[in-house]
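The numbers in this note's numbering rise by one with no breaks, and the one at position 98 of the sequence shown is 90. Structure, as structure tokens:
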Amino acid sequence: MQKERKAKVIEVLNKARSMELYAIHQYMNQHYGLDNSDYGELAAKVKLIAIDEMRHAEAFAERIKELGGEPTTDVADKVKKGQTVKQVFPFNAKVEDDTIDAYNQFLLVCRENGDSISMKLFEQIIVEEQAHYNYFDNVNDHLENLGDTFLARIAGT
């Protein structure tokens, strides 16, 4: 792959890695807050999703290194602290939706620059991000429709 084309792919891989690093920090912060509020079941699932994001960040780093680049340690955004349980899930659904949109664009950059390996990596990760979106959106629907009844069922788990 030509140097200029490789640089474009490395750039989008690093943007994606930065987004994953943000999600890790955000979701782990939420995990602690949910656990402290005695919503153990929700906290555990958010933590598992953060661990998925860790795998994604590592996969992007490995591909960046394969291409001769330096994996970023920059975080895409500042962590929003102090969110309530009712704020966490719509917020995270939006994070995942925005990530899916961005990764679909990044996938096109990889295709345009002849990197089918990075393109397939984005395709695989998009599938997992969609599952994360579905979970966050589903919990948000429960919170909107069932409210405190749903939370009472979860509390103490």
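We put the beta carbon where it would ideally sit given N, CA and C, even for glycine.
- Relative to residue 70, the option among 134, 146, 18 whose CA is nearest is 18.
- Residue state for residue 62 is assigned as coil, using DSSP reduced to three classes.
- Its chain contains 42, 45, 46, 49 as the residues whose beta carbon lies nearer than 8 Å to that of residue 16, once the 5 sequence neighbours on both sides are disregarded; these appear in chain order.
- Judged by beta-carbon spacing, residue 68 lies within the 7 Å limit of residue 14, meaning their Cβ atoms are closer than that value.
- For residue 131, same chain residues with a beta-carbon under 6 Å away, outside a window of 5 residues either side, are 81 in chain order.
- Distance between residue 144 and residue 33, taken at the CA atoms: about 12 Å.
- Residue 31 carries a coil assignment under DSSP once its states are collapsed to helix, strand and coil.
- Closest by C-alpha distance to residue 37, out of 84, 4, 108, is 84.
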